[in-house]
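Residue numbers (our numbering): 1 to 231.
We treat Cβ as the ideally placed atom computed from N, Cα and C, and that holds for glycine.
All values reported here derive from a predicted model rather than from experimental measurement.
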Amino acid sequence: MNKDRLDQKLQSMPKVKLEEHKKRKMLQNILERDESEEQLGDSRIKGWFISVGGTLAVALLAMVIFVMPSGPFGGAAFLAEEELRGIEELEKFDHVLKFPTYAPFEIGEIEYDELYWGDREPKDGQVHYVQGDDPDYLTPGINYFSEEEPRYQLTVYLDDQHMQLSEKDDFEAVTLNGDIEARYDQREFVQELLWQEGEVVFNIAIRSDEGDLLPKEEIIKIAESFEIFEF
């Protein structure tokens, strides 16, 4: 098959978000393999079968690259998705769960966290959370830790009744996805963004011990990458 015609067919197929340099590299590998297989044929029959087989392989691989969704529910994959799906504590919450599919750094590990909003009382020399087993008094959170230097910690909290958007004057108003109002704050080592969708308030914070703050646009990009998470 002529390269130009193949490129035209592939360009006309539906596409999902995939970095351009990865697309080009994968397509080039496919084309080179297809050409090498056609050159191996030393008879008309053998050449015909190889040509058809190579064309089918190109079509199938192109479908995988351009058509099949990259995440289990469509769209992009979640950050550290395999580890995220292994966190059983998330299953006890009945409100919408959304997590990021983008970060400007590689994720090395994640850990589950909770904020507790209920009563406390001393018990056996320790603080006892009276409603500690009741999801109505808990806010789930995930800490994402970068794999390489500079070290970053991305913290995500999802709350349906305890958190509120701050009206502090020093919070900057920004817009997500064109129509969602959010509040951005930046301090020496921390950048924070809060917004609300329905009844759920989302709070993300980026921490850097060295003060290597990210551009505000990257924080917004993280927030705009959130997708609904389902088990």
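8 Å Cβ shell around residue i - same chain, five flanking residues per side excluded
i      : result
GLU114 : GLU89, LEU138, THR139, PRO140 and GLY141
PHE231 : ARG85, LEU90 and GLU91
PRO122 : HIS128
ARG120 : VAL127, HIS128, TYR129 and VAL130
ASP209 : ARG151 and PHE189
GLU106 : SER146, GLU147 and GLU148
ILE219 : TYR184, GLN191, LEU193, ILE204 and ILE206
GLY108 : PHE145, SER146, GLU147 and GLU148
LYS98  : LEU158, GLU197, VAL200, PHE202, PHE226, GLU227, ILE228 and PHE229
Close-in-space but distant-in-sequence residues of the same chain around residue i (CB under 7 Å, 5 per side omitted)
i      : result
SER166 : ARG183 and LEU194
ILE87  : TYR112
ASN143 : ILE110, GLU111, ASP113, GLN153 and THR155
GLY211 : GLU188 and PHE189
ILE45  : Interpretation of ILE45 is limited by its pLDDT of 45, a score under 50 that renders its predicted location unreliable; the figure taken from the coordinates is listed afterwards. Cβ neighbours of ILE45 beyond the five flanking positions: none.
MET68  : With a pLDDT of 43 at MET68, under the threshold of 50, the modelled position of this residue cannot be trusted, and the question is left open.
ALA103 : LEU79, TYR144, LEU154 and ILE222
LEU214 : PRO104, GLN191 and ILE206
Buried or exposed (CB count within 10 angstroms, at least 16 for buried), residue i
i      : result
PRO100 : buried
GLN126 : exposed
ILE228 : exposed
PHE189 : exposed
ALA236 : Since the first residue of the chain shown is 1 and the last is 231, residue 236 is not available in this structure.
GLU217 : exposed
ALA205 : buried
ALA173 : exposed
ASP94  : exposed
ASP124 : exposed
PHE136 : The displayed chain sequence assigns Asp, not Phe, to residue 136. Looking at its Cβ environment, which holds fewer than 16 other Cβ atoms inside 10 Å, ASP136 is exposed.
ASP159 : buried
LYS3   : For LYS3, the predicted structure reports a pLDDT of 49, less than 50, and the residue's modelled location is therefore unreliable. A value from the coordinates is still provided. Per the 10 Å Cβ criterion, exposed.
Strand pairing of residue i, partner residues [DSSP]
i      : result
ASN203 : TYR157 and LEU194
LEU176 : ILE180
LYS123 : GLN126
GLY141 : ASP113 and TYR157
GLU227 : PHE99
SER146 : ILE107
ASP235 : The shown model of the chain, from 1 to 231, leaves out residue 235, and the question about it has no answer.
Cβ shell of residue i (< 6 Å), same chain only, five flanking positions each side left out
i      : result
LEU84  : PHE78
GLU224 : LEU176 and ASN177
ILE180 : TRP195
TRP117 : TYR137 and HIS162
PHE171 : ARG183 and ASP185
Check whether the segment 200 to 213 and the segment 147 to 167 are in contact - that is, three or more C-beta pairs closer than 8 Å. Flag = yes, the segment 200 to 213 and the segment 147 to 167 touch.
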